[in-house]
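*Asks:* Numbering (the UniProt record's numbering), first residue to last: 1 to 380.
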């Protein structure tokens, strides 16, 4: 039943849950199973208002799995794609909610290690952080043996990029990068091949000129190169409340833009609808894939690239970022992006896909080698 990497399911009582399954080739490693067991136990103790709570888990099952409450809302990445950058009136409550979430996660001895826009969901009553604790279980075992560090280049702190010691300040760095993205729609260290972005993280300065004060000062503090110079989540909350009055600015629900509120309402309807074969999210995703491919084959390459980008984001949310269907949608997005003449962007997309395929499938897998070759092709 639970053979997908991530999917929307229901508990015995009919409650919608998001289920994530460990890849079978990783589940065979005894060391990973033990760490996954410990991390799941710690994650079950996290009870923050702005985290998606763990409702059940099977760390000793084959393969291991974990289920969290389903959050009927778009990811921050989807929200930005749909509605554009968030206004300051939305960024402040987003920052406060995420700082509280990190407090709750760190209080249980956990680190997130991969806080990024796709790991933050926007619910009607505030943000929710997902996938905390799991990245660490993966990073400490199989993935580090392949020379791969868990994390996303533009949101990864310098110490993590260098394979050094990570701690709570590392998550604060990721939070700063995430807030800059939320407010501007752009990653503070720009885009490009992963190694280029990581070099900017290590030695460059983030681009924060489009942020307004005092948000710019707060984000800049989070992005300090030295972990000791970054504020703690508690200090962040103190700074936030000195510039933003939650009772006055937040009388009922966070002021998400109308387009985001509409997405939340749509997801809520999907989650409460009878779960049948015909209403399964996967079936809708397959139909969208067929439509996007028809658009591309008709020569509308830019529109196909846009459709596959949205499909990849939704597949990552429903199936998981490492699911083959998600990776295939990213491949099609990169392919049609190249067909539009955007060589640099296509090279970047294929390079990021190659890195993820190397992590999931191995560096010598044909799919990994294919994505790497296409990245080099579009870089010429």
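Just so it is clear, CB atoms sit at the ideal spot from N, CA and C, and this is done for glycine as well. These numbers were taken from a predicted model, which means no experiment stands behind them.
#1: Residues in the same chain with beta-carbon distance under 7 Å from residue 206, minus the five sequence neighbours each way, listed in chain order, please.
#2: Could you give the C-beta distance for residue 341 and residue 185, rounded to a whole number, given that I count them as a contact under 8 Å?
#3: Helix or strand or just coil, what does DSSP make of residue 244?
#4: From residue 80 to residue 31, what does the alpha carbon distance come to, in whole angstroms?
#5: Less than 8 Å between the CB atoms is what I'm expecting for residue 173 and residue 51, so what's the real figure, rounded?
#6: Restricting to Cα atoms, I'd like to know which of 86, 300, 176, 124 is closest to residue 114.
#7: For residue 60 and residue 68, what's the separation of their Cα atoms in angstroms?
#8: Suppose the cutoff is 8 Å on Cβ atoms and the five residues either side in sequence are ignored; what does the same chain contact list for residue 295 look like?
#9: To the nearest whole angstrom, what separates the beta carbons of residue 122 and residue 76, a pair I think is in contact under 8 Å?
#10: Along the chain, where does the alpha helix (DSSP H) that runs through residue 80 open and close?
#11: Based on the DSSP secondary-structure assignment, which residues constitute the bridge partners of residue 68?
#12: Which of helix, strand or coil does DSSP assign to residue 145?
#13: For a test of the three-state rule: what should DSSP assign to residue 178, helix, strand or coil?
#14: Closer than 8 Å by C-beta to residue 194: which residues in its own chain qualify, once you throw out the five before and the five after it? Chain order, please.
#15: What separation, rounded to the nearest whole angstrom, lies between the Cα atoms of residue 215 and residue 349?
#16: Quick check on the DSSP output: what are the complete alpha helix (DSSP H) runs of length 4 or more inside the region 273–328, in order along the chain?
#17: Which two residues bound the contiguous alpha helix (DSSP H) that contains residue 89?
#18: Using C-beta distances below 7 Å, list every residue in its chain close to residue 379, excluding the 5 sequence neighbours before and after it, in chain order.
#19: Would you grab the beta carbon distance between residue 293 and residue 327 for me? Rounded to a whole angstrom, and I think it's under 8 Å.
#20: Assuming residue 244 contacts residue 92 (C-beta within less than 8 Å), just tell me the rounded distance between them.
#21: Quick check on DSSP: helix, strand or coil for residue 138?
#22: If I measure Cβ to Cβ from residue 336 and keep anything under 7 Å in the same chain, skipping five residues before and after, which residues do I get?
#23: Going by CA-CA distance only, name the one from 373, 371, 20, 157 that's closest to residue 58.
#24: Grab the span of the alpha helix (DSSP H) containing residue 348 for me, first residue to last.
*Replies:* This is what the structure holds:
#1: 180, 188, 189, 223
#2: Contact doesn't hold; Cβ gap of about 22 Å is too wide.
#3: coil
#4: 38 Å
#5: Actually they are not in contact, since the Cβ atoms of residue 173 and residue 51 sit about 19 Å apart, beyond 8 Å.
#6: Nearest C-alpha to residue 114: 176.
#7: 17 Å
#8: Here the set comprises 303, 304, 307.
#9: 6 Å
#10: 76–83
#11: 18, 54
#12: Because residue 145 sits at a pLDDT of 37, beneath the cut-off of 50, its placement in the model cannot be relied upon, and the following sentence gives the value as read from the coordinates. Residue 145: helix per DSSP, three-state reduction.
#13: helix
#14: 153, 351, 352, 355
#15: 30 Å
#16: 281–297, 301–318
#17: DSSP places residue 89 inside the alpha helix (DSSP H), whose first and last residues are 88–107.
#18: 347
#19: Between residue 327 and residue 293 the Cβ distance is about 16 Å, and since that is not below 8 Å, they are no contact.
#20: 4 Å
#21: Unreliable positioning characterises residue 138 in this predicted model, as indicated by a pLDDT of 42, which lies under 50. The coordinate reading is nonetheless provided below. It is helical.
#22: 296, 301, 304, 305, 308
#23: 20
#24: 343–361
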